[in-house]
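Numbering (my numbering), first residue to last: 284 to 725.
See below:
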């Protein structure tokens with residue numbers, strides 16, 4: 284184990300080596316190197332949670348002001364480079380992560396750490412602050428792979444109904460997504476590379492769906508048209524956090540972070556859709572249209588509210604949210620997503636414009652609740668609008684591209700891109716309306 288640790292591609296930073304020998308010195312009286320270590324480590328921990336560059340920079344600025352330091356920082360997806368000045372000295376550091384992901388529970392604790400720093404942190408020593416950050420850093424998953432598989436199953440089951448699927452598709456997608464995400468969590472736990480955990484988990488989800496579908500056809504005479512839901516079984520892989528935060532970063536002209544996050548999200552989408560396309564070729568699956576559900580307007584609204592709640596709740600749990608946070612996000616998502624779908628069905632608004640309105644409503648509701656419940660805004664908004672991300676459109680675009688149906692592929696991909704552009708724009712304008720500090724570039 285010691286040899287394995289010594290040969291890691293990313294060397295571990297021993298933060299306690301930056302602390303002073305005198306344990307009684309508060310951080311405000313420590314050296315610039317010690318202050319900069321606290322500032323940089325807090326920023327790096329926030330970056331590891333999946334939050335965007337604007338939030339990371341804002342938090343580092345808060346700590347810097349309290350420590351009498353001027354800080355400038357350049358932030359990417361998995362690394363940051365920063366300079367700290369105190370009028371006499373300058374310290375420059377470059378830090379990087381070994382991997383990226385989403386952890387809203389850890390994000391909530393880090394935001395609380397930053398909020399408490401002006402009243403508590405400035406009186407603590409460097410060792411005490413690093414010990415507090417050690418406790419936060421060790422917040423890993425709140426849920427086991429089995430529970431995360433169940434969360435993905437619930438999310439994709441709800442997603443299936445919202446896309447037009449009926450009970451057979453929902454049940455099959457529930458099982459496929461549950462197995463797929465449980466496999467993915469196991470692979471991530473053992474530090475397998477991104478391409479492997481995405482492709483294997485998508486293959487597991489499609490394989491599970493196909494096996495259960497064939498069994499249902501043999502035992503219960505299930506119609507072949509229900510194979511259309513196999514796409515929904517893989518939608519747990521949607522990279523909602525990097526998609527949305529990339530748009531927010533680009534809006535704030537954090538181009539490096541925004542473009543890196545967008546590239547990361549597109550890599551996941553491409554690997555996932557290509558893996559699912561290969562599985563479709565192997566098992567002769569075709570992304571057919573769903574059968575009409577035959578529900579009246581009132582029944583459809585109620586079912587959409589329930590399905591949206593389940594979908595957002597499942598995604599929020601997958602982002603490692605505590606139960607109260609997940610329920611709050613699910614309530615926001617249920618209202619915002621149902622509003623979006625009703626705009627399309629009853630007001631004949633184009634899907635991209637409806638997505639903008641749904642995302643804006645989600646952002647306004649999250650801003651209203653943030654001051655009352657105290658959760659990070661992004662931990663409420665992103666799960667609420669992940670369910671609006673057009674994963675089905677992306678897959679159909681890639682599928683038709685693979686069979687060289689180019690006009691059909693272009694149509695699906697164009698629709699997907701318009702919606703993807705509309706979602707972060709909706710959140711951005713909601714944030715501009717509700718957050719004074721976000722309106723300006725200073």
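Just so you know, even glycine gets a beta-carbon here, dropped at the ideal spot from N, CA and C.
Thinking C-beta only, is residue 438 closer than 8 Å to residue 489? no
DSSP state of residue 537, grouped into three classes? coil
So, is residue 673 buried or exposed, given that buried needs 16 or more other C-beta atoms within 10 angstroms? buried
Whole angstroms are fine: how far does the CA of residue 468 sit from the CA of residue 353? 40 Å
In chain order, which continuous runs of the alpha helix (DSSP H) of length 4 or greater are located wholly inside the region 377 to 423? 387 to 399 and 409 to 420
In three-state terms, what does DSSP make of residue 550? Looking at residue 550 - three-state DSSP - the assignment turns out to be helix.
Measuring CB atoms only, is the region 471 to 491 touching the region 513 to 528, in the sense that at least three cross pairs come out at less than 8 Å? yes
Would you call the CB atoms of residue 728 and residue 390 closer than 8 Å? No answer is possible for residue 728: the residues shown for the chain start at 284 and end at 725.
Cα-Cα separation, residue 410 to residue 715: 38 Å
Using the DSSP secondary-structure output, state which residues sit across from residue 366 in a beta bridge. 355 and 375
On the DSSP bridge list, what partners appear for residue 309? For residue 309, which the question treats as bridged, DSSP gives the partners 408.
Please give the ranges of any alpha helix (DSSP H) in the region 474 to 526, keeping only runs that are unbroken, at least 4 residues long and fully inside the region. 477 to 503
Helix, strand or coil: which one does DSSP assign to residue 470? helix
Nearer than 7 Å: is that true of the beta carbon of residue 377 relative to any heavy atom of the ligand ATP? This structure does not include the ligand ATP; it has no bound ligands of any sort.
In angstroms with no decimal places, state the Cα-to-Cα distance between residue 678 and residue 705. 19 Å
Residue 287 - DSSP class collapsed to helix/strand/coil: Because residue 287 sits at a pLDDT of 49, beneath the cut-off of 50, its placement in the model cannot be relied upon, and the following sentence gives the value as read from the coordinates. If DSSP states are grouped into helix, strand and coil, residue 287 belongs with the helices.
Ignoring anything shorter than 4 residues or poking outside the region 420 to 458, list the alpha helix (DSSP H) runs there in chain order. Taken in chain order, the complete alpha helix (DSSP H) segments of 4 or more residues contained in the region 420 to 458 are 428 to 445.
Quick check: what's the CA-CA separation for residue 622 versus residue 707? 17 Å
Reduced DSSP category for residue 586 - H, G, I as helix; E, B as strand; rest coil: helix
Are the region 446 to 454 and the region 358 to 366 touching by the rule of at least three beta carbon pairs closer than 8 Å? no
Kindly list the residues whose CB is nearer than 8 Å to the CB of residue 523, restricted to its own chain and excluding five residues on each side of it in sequence; keep chain order. 598, 665, 666, 668, 669 and 672
Contacting residues, own chain, Cβ-Cβ under 6 Å from residue 696 (five flanking each side not counted): Excluding sequence neighbours, residue 696 sits near 680.
How close, in whole Å, do the beta carbons of residue 435 and residue 458 come, if the pair is a contact with beta carbons under 8 Å? With a Cβ gap of about 11 Å, residue 435 and residue 458 do not count as contacting.
Cβ-based neighbour list, residue 443, same chain, cut-off 7 Å, excluding 5 preceding and 5 following: Excluding residues up to 5 positions away in sequence, 452, 453, 456, 512 and 515 lie with their Cβ nearer than 7 Å to the Cβ of residue 443 in the same chain.
So, helix, strand or coil for residue 688, using DSSP? If DSSP states are grouped into helix, strand and coil, residue 688 belongs with coil.
Buried or exposed by the 16-neighbour rule on C-beta atoms within 10 Å, applied to residue 412: buried
DSSP three-state call for residue 676: helix, strand or coil? helix
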